Amino acid sequence: MTEDTPERRDGGTVEAGDGAGEGRLPGTGWSRGSSDGVRRLRVVSFVLGVVVVIGIVGRSTSRSAGKTSQSATAQISPAAAPPGALSSSWFCAGATSSFQSAAPATATTTTTTTAASSSGKASAANPPVTKSSVDPAGDASGVVVIANAGGIEATATVSVVGTTGSPTTKTLDVPARGSVTVPELATGDGGWAGAIVEADAGQVVVYQSVGGPLGASVSPCATSGSPTWYLPGGQTRVNADEYISLLNPYPTSTIVDLSFVTNQGAEQPQNFQGIDVPADGLVTVDLGSYLSRRSSIETTVKARTGSVVAWETEIVTPPASGAPLVGSVAAGKPLADPAWPTAGVTVTLGAPGAALSWTWPDGLAGNNLQEQYVVFNPGSATAKVRLSIGILGAAVEPFDFSVGPGQVVPIVSEQQARIPAGAPHSATLVSTNGVPVVAARTLTATAATIPVSGVTGIVNGNAQILGETASAADWLVAATGMDSHHAGELVVYNPGATRVNARVTALSGNSQPSLPAGGVLSVAPGGQVNLAVTSPATGPLEVKASAAVFVEYDLYGVGGAGGIGLSPAVPLDDH
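Every position in the sequence shown, counted from 1, becomes a number in the numbering used here once 6 is added.
What follows is the structure, given as structure tokens:
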């Protein structure tokens with residue numbers, strides 16, 4: 007590996023010294039858990055969060071024309087509260103949890119050891135046991151990473167919630183320009199975990215990092231609940247399991263209905279209707295229990311009252327020896343039950359609404375990388391959309407197509423001559439007739455070359471990322487997932503007409519890991535620049551740009567470790 011010569015992409019450069027500014031229930035297929043946990047300021051935080059979001063939207067519409075934020079879509083993606091905010095709330099779910107006793111989880115910090123108080127015990131109705139009732143427990147074991155980009159110390163309360171048992175609650179300090187990590191180890195035997203994080207300051211960003219034998223990925227948590235969620239990608243096969251986790255971080259219970267668009271059409275199994283998600287509770291639904299052998303699944307979550315947060319977890323185990331594989335001749339034979347060829351784990355936060363525009367800073371297809379863009383129209387009118395692929399120095403004709411009501415349309419990059427194999431690209435999908443849609447990019451790597459500058463080797467895994475809905479000048483990646491078995495790549499895309507300078511710094515206290523060219527970037531108009539992240543010591547990364555950009559972080563297993571993860575960064579409101 008090298009940290010001296012970062013790779014250029016699409017006309018961008020990295021320049022040193024550029025001066026850029028700084029219990030599954032029997033017969034139901036789902037499990038549930040509730041708690042009498044500490045709610046503290048959650049109701050107040052929710053109200054303040056609404057006020058903060060309204061403020062963010064108001065400011066984004068009054069800023070310079072270089073910002074592409076739209077008030078209609080600004081709340082789709084998670085965003086940090088501004089420096090003056092009195093509180094921040096973040097909600098994570100979709101991780102698997104091994105059993106633990108009632109003792110609290112251990113927190114670690116990148117800058118200092120902090121004393122922490124804790125409480126929580128298993129309830130009499132759900133006594134702790136020593137086994138898990140969910141088969142894949144451990145395949146997506148999670149931690150939450152709380153990063154503080156602000157200049158003052160923050161106090162955070164973390165409640166880890168399982169599908170059974172009582173929550174484990176911990177109060178701890180998050181140092182200024184530092185971070186704290188808390189394992190998602192829930193009491194009880196439900197096998198699934200989520201976390202509710204409440205901080206007493208703005209500029210706090212929370213990520214969930216999951217990992218196991220099948221791979222690792224990181225992603226931002228949600229900043230609010232919603233009565234509606236869309237999860238556009240999924241499958242259930244002989245070796246692929248699909249789960250939807252529903253977290254209710256509020257003090258009243260809610261009833262949720264699930265509906266689906268699959269390769270067999272619209273489906274609404276009765277057992278997935280009227281799901282009770284208790285206050286401070288977590289419910290995880292096994293889609294394969296009633297939607298088995300589906301090659302594609304789009305999930306819609308609707309709360310009858312109140313709000314929840316929805317996450318999707320896909321766990322693909324290695325196919326059995328001799329099994330017919332998807333895409334092979336054997337898979338097309340009568341009665342064939344094909345397996346997905348590539349193992350991996352993917353944990354994705356859903357979209358709380360549809361939007362008129364979705365952007366992906368990074369894209370790559372061909373050479374054993376199977377990429378597709380999945381577009382879902384949840385509305386009642388046909389959407390006319392345009393998918394534009396950005397390759398600097400090459401004119402790529404956009405894809406114009408229609409997506410009918412309740413329809414899912416995939417664009418497979420390898421089948422499109424307009425997307426050259428091996429050519430890094432950005433992508434933007436826009437509704438041209440004002441009908442909003444939901445869009446995600448999926449990627450499967452099968453013995454593919456790791457696309458990180460200075461890193462050699464191959465990678466296998468599956469990933470999914472929703473597009474970003476608003477650009478910003480300041481971004482934070484709270485968790486990089488870095489260790490000796492993973493390499494990361496930070497991708498900055500410039501949608502504007504003028505060159506943008508940016509600087510990447512690490513929130514890692516006294517020990518600043520080495521970044522290529524000091525983390526100084528110069529991004530050409532319409533271009534993208536990638537920054538290799540190869541130091542195991544790398545903590546949260548902040549990107550400050552001279553104009554609005556989009557930022558993505560990708561994670562790849564190296565040295566025999568499998569898995570890939572694609573994650574949007576979180577915009578920081580610094581006003």
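The C-beta atom is built at its ideal place from N, Cα and C for all residues, glycine as well. On a predicted model such as this, the values are computed, not experimentally measured, just so you know.
Start and end residues, beta strand (DSSP E) containing N154: S147 to N154
Straight-line gap, Y499 to V443 (C-alpha atoms, nearest Å): 22 Å
Residue span of the beta strand (DSSP E) that contains W317, given as start and end: V315 to V322
Backbone secondary structure at E474 - three-state DSSP: strand
First and last residue of the uninterrupted beta strand (DSSP E) at S295: Counting along the chain, S295 falls outside any beta strand (DSSP E), and DSSP gives it neither H nor E.
Beta-carbon separation (whole angstroms), S83 vs T475, contact threshold 8 Å: 5 Å
Where N439 falls, given that 16 or more other Cβ within 10 Å makes a residue buried: exposed
Burial state of A479, where buried means 16 or more other Cβ atoms lie within 10 Å: buried
Continuous beta strand (DSSP E) assignments of at least 3 residues falling wholly in the region 520–573: 526–529, 534–539 and 547–563
Of the residues G372, W317, L288 and E273, the one placed nearest S298, counting alpha carbons only: E273
I417 versus A228 - alpha carbon distance: 27 Å
Nearest-angstrom Cα separation, counted from A192 out to A131: Annotation note: pLDDT 28 at A131 (below 50); position unreliable, no value reported.
Contact between the region 534–544 and the region 489–498 (3+ Cβ pairs under 8 Å): yes
Nearest neighbour of D145, chosen from G156, G100 and G171 [CA to CA]: G100
Spatial distance of V164 from Q422 (CA atoms): 46 Å
Ranges of the alpha helix (DSSP H) found wholly within the region 363–399, counting only runs of at least 4: none
Span of the beta strand (DSSP E), counted from its first residue to its last, around P233: Run containing P233: none; DSSP gives neither H nor E here.
Delimiting residues of the beta strand (DSSP E) encompassing E204: W198 to A205
Contact the region 295–310 vs the region 238–245: 3+ CB pairs below 8 Å: yes
6 Å CB neighbourhood of V210 in its chain, flanking five on each side removed: S94, N154 and A160
Opposing strand residues paired with H492 [DSSP bridges]: G563
Cβ distance (whole Å) where I250 is taken to contact V291 below 8 Å: 5 Å
Three-pair Cβ contact test at 8 Å for the region 428–439 versus the region 342–353: no
Sequence-distant residues of its chain with Cβ nearer than 8 Å to I456 (five each side left out): T462, G463, I464, V465, A493, Y562 and V564
Run of the beta strand (DSSP E) containing L435, from where it starts to where it stops: S432 to S437
Sufficient close CB pairs (3 or more, under 8 Å) joining the region 480–492 to the region 541–558: yes
Beta-carbon proximity list for A567, same chain, < 6 Å, skipping 5 on both sides: H491
Straight-line gap, G218 to S103 (C-alpha atoms, nearest Å): 11 Å
S172 - DSSP class collapsed to helix/strand/coil: coil
Candidates A551, T486, T352 and N507, of which the one nearest T544 by Cα: T486
Nearest-angstrom Cα separation, counted from Q276 out to D579: 43 Å
Contact under 9 Å by Cβ, Q378 with S419: yes
Proximity winner among V458, Q270, S265 and G294, relative to G280 (alpha-carbon distances): S265
Outcome for T311 when other beta-carbon atoms lying within 10 angstroms are tallied against a minimum of 16: exposed
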